[in-house]
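Trainee: Below is the structure I would like to discuss, written out as structure tokens.
Number of protein chains: 2
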Amino acid sequence: MQRFKVGEMVIDAGAQILMQGSNSPQLYTALHGMGLRYKTLEDGRRQVVNFVMPADFVGLQAAVMGEMAHSVEASSNMVLCVFDRSEFWNFVKSQPARAYDITWLSAVEEHFMGEALTAVGQRSAIERIAWAYYKVFRRGESLGLVSRSRMPFPFRQQDLADALGLSLVHTNKTIAKIRERQMATWENGALHVADVDALAKLAVTEREDVPKRPFL
Amino acid sequence: MQRFKVGEMVIDAGAQILMQGSNSPQLYTALHGMGLRYKTLEDGRRQVVNFVMPADFVGLQAAVMGEMAHSVEASSNMVLCVFDRSEFWNFVKSQPARAYDITWLSAVEEHFMGEALTAVGQRSAIERIAWAYYKVFRRGESLGLVSRSRMPFPFRQQDLADALGLSLVHTNKTIAKIRERQMATWENGALHVADVDALAKLAVTEREDVPKRPFL
DNA sequence: CGATGATTTGACGAGCCTCAAGGTACGTGG
DNA sequence: CCACGTACCTTGAGGCTCGTCAAATCATCG
């Protein structure tokens, strides 16, 4: 896989990595830092579709479907591993095992989107936030980002609001409720989870394993 | 592809095809009729994740990830083309072009889920229903199911409500509004679209092409 | 024709959104 | 070092969208 690594890219917080509708010649794997995937409607409303964490693959959609259906931007400073798309694609096409990995990635992503859809469609505000905290935290654990129940979570409340289909104000008040219940706090870009089980219960989720992702 | 066809399966309306959490040895392609994909929470809430239409592939998730993340059931009588999973998988692995198709399918599905998430997360009730109508209708067109602006849509209002994260009652009232606005009607299992452009505008969508899907 | 399931309608209340203002932290320039 | 601007978080008040409850209408079917 290293053969197709073109280089590393360092990105400042707030910078765009990929634009909705674009067809970039590069693919990336996040190495450090976190970011956002989001779609924008014509009238400006924004849906955050997922958070980008280390080991995530970025740009697959453009590679497969021709153009990106969402934008990607950095929320913290990030380091990305850069691949050349055409090279990469030839490689994948010639190696069934790799094609399988790609499908796998896509399926995992789809699986997550289904869960997110369920969260936004069915859960109340407090359940959604508990769900998001829980998901993020479990993901962080599997990536080794958690120490003493704390992990970096360098987003704004507005980002979480846009991810969960809530207003900023209501998100803020709901975060406060979860803090008061002593389940989790989120301050200064760090998420501290005091009671994972309580979170999971409030979120109405069964404790399932975080799906492994092939690392490219 | 035909080599791996094990047979055809005829299913009555209301029957389960796949269960959430199961790991069926079969894969299907829908040939006739329509169905639902949905996830259920422990407390009974249900999120309809997508509608199954002819040419849709069913069971890919279980094939790739080990088990289904959602259930699938028939809403009308259906005819499915049945494949044996293990055979199928060997075949795909040995044929890069087919592997590509599978990846493509998965990517298209992911793309749709992103749109659905955006709809449920950002749009108001009437926008969501307009969006759903619009999506379904365009999809129907591309499948040749539409004649004189009508297409079969054999679902209950409860199904649409669960797809869009709305209550049954509010869905019903919102459907009535769209009917009053003379944009579309939905009665007796058929969707009649009177003004596609008005629907698209109400839905705040740009008119994009329906992604083609490889047929297996 | 009763029984079951889907659609429809009305009344009422709650959850969430919008508007508005104030607070805090941080960086920049005078 | 302080004034000022900016970005983000916090809090309060009021109102609208949407959910819940309830019951009526309608269709299908044994």
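First to last, the sequence lines map onto chains Y and Z.
Take the first sequence: its position 105, counted from the start at 1, is 262 in the numbering used here, and no numbers get skipped.
Take the second sequence: its position 99, counted from the start at 1, is 256 in the numbering used here, and no numbers get skipped.
Cβ atoms here follow ideal geometry from the backbone N, Cα and C, with glycine treated the same way.
Within 10 angstroms of the Cβ of D169/Z, are there 16 or more other Cβ atoms? Answer buried if so, exposed if not.
Mentor: Result: exposed.
Trainee: Determine the closest residue to P211/Z out of M222/Z, E230/Z, V236/Z, A220/Z, with distance taken between C-alpha atoms.
Mentor: The candidate whose alpha carbon is nearest that of P211/Z is V236/Z.
Trainee: Can you give me the start and stop residues for the beta strand (DSSP E) that Q183/Y sits inside?
Mentor: That run of the beta strand (DSSP E) goes 183-189.
Trainee: Scan the region 199-262 of chain Y and note each continuous alpha helix (DSSP H) run of 4 residues or more that stays entirely inside, going in chain order.
Mentor: Whole alpha helix (DSSP H) segments, 4+ residues: 217-222, 242-251.
Trainee: Quick one: list the residues of chain Z neighbouring K196/Y, beta-carbon separation under 9 Å, in chain order.
Mentor: Chain Z residues near K196/Y: G271, E272, L274, T275, Q279.
Trainee: State buried or exposed for F310/Y, treating a residue as buried only when at least 16 other CB atoms are found within 10 Å of its CB.
Mentor: The residue is buried, with at least 16 neighbouring Cβ atoms inside 10 Å.
Trainee: What does V293/Y touch in chain Z if you count any residue whose Cβ is under 9 Å from its own?
Mentor: Ordered by position in chain Z, no residue passes the 9 Å Cβ test against V293/Y, which lies about 17 Å from the chain.
Trainee: In chain order, what residues of the region 198-223 of chain Z put their CB closer than 8 Å to some CB of chain Y?
Mentor: Residues passing the 8 Å Cβ filter: L198, E199, D200, R202, R203, Q204, V206, L217, Q218, V221, M222.
Trainee: From M225/Y to V265/Z, what distance separates their C-alpha atoms?
Mentor: Their Cα atoms are separated by approximately 12 Å.
Trainee: Since Q218/Y and H268/Z are thought to touch, with beta carbons under 8 Å apart, how far apart are those beta carbons, to the nearest angstrom?
Mentor: Going by Cβ atoms, the distance from Q218/Y to H268/Z rounds to 7 Å, so yes, they are a contact pair.
Trainee: Please list the partners that I259/Y has in chain Z, where partner means a Cβ-to-Cβ separation under 7 Å.
Mentor: Within chain Z, the residues near I259/Y are T260.
Trainee: Distance check for V303/Y and G297/Y, CA to CA, integer angstroms please.
Mentor: So the alpha carbons of these two residues sit roughly 6 Å apart.
Trainee: Taking the alpha carbon of A287/Y as the point to measure from, which residue in L317/Y, W261/Y, M270/Y, R305/Y has its own alpha carbon closest?
Mentor: The shortest Cα separation from A287/Y among L317/Y, W261/Y, M270/Y, R305/Y belongs to L317/Y.
Trainee: Any contact of the region 187-206 of chain Z with the region 239-246 of chain Z, i.e. 3+ C-beta pairs under 8 Å?
Mentor: Judged by Cβ distances under 8 Å, the region 187-206 of chain Z makes no contact with the region 239-246 of chain Z, as fewer than three pairs qualify.
Trainee: If we cut at 8 Å on Cβ distances, does P182/Z have a partner in chain Y?
Mentor: Not one chain Y Cβ lies under 8 Å of P182/Z.
Trainee: How is L122/Z classed by DSSP in three states: helix, strand or coil?
Mentor: It is not possible to answer for residue 122/Z, since the shown part of chain Z is limited to 158 through 373.
Trainee: Could you spell out where the alpha helix (DSSP H) holding E337/Z opens and where it closes?
Mentor: Run containing E337/Z: 325-337, per the alpha helix (DSSP H) assignment.
Trainee: Going straight from the alpha carbon of S251/Z to that of V167/Z, what length do you get?
Mentor: Rounded to the nearest angstrom, the two C-alpha atoms are 30 Å apart.
Trainee: Of the residues N234/Z, R336/Z, I174/Z, V209/Z, which one's Cα is nearest the Cα of A375/Z?
Mentor: The displayed coordinates of chain Z run from 158 to 373. Any statement about residue 375/Z would go beyond what the structure contains.
Trainee: Quick check: what's the CA-CA separation for W261/Z versus G216/Y?
Mentor: For W261/Z and G216/Y, the distance between alpha carbons rounds to 14 Å.
Trainee: Please report the residue range of the beta strand (DSSP E) in which A341/Y lies.
Mentor: Note, A341/Y: beta strand (DSSP E), 341-344.
Trainee: Kindly list, in the order they appear in chain Z, the residues whose Cβ is closer than 9 Å to that of V265/Y.
Mentor: Ordered by position in chain Z, the residues that pass the 9 Å Cβ test against V265/Y are V221, M222.
Trainee: Determine whether the beta carbon atoms of A187/Y and D213/Y lie at a separation below 8 Å.
Mentor: Yes, the pair counts as a contact, with Cβ atoms nearer than the cut-off.
Trainee: Helix, strand or coil for A347/Z, going by three-state DSSP, please let me know.
Mentor: In this structure, A347/Z counts as strand in the three-state DSSP scheme.
Trainee: Are R313/Z and H349/Z closer than 8 Å when you measure CB to CB?
Mentor: No, they are not a contact pair.
Trainee: How big is the Cα-Cα spacing for C238/Y and G164/Y?
Mentor: Rounded to the nearest angstrom, the two C-alpha atoms are 6 Å apart.
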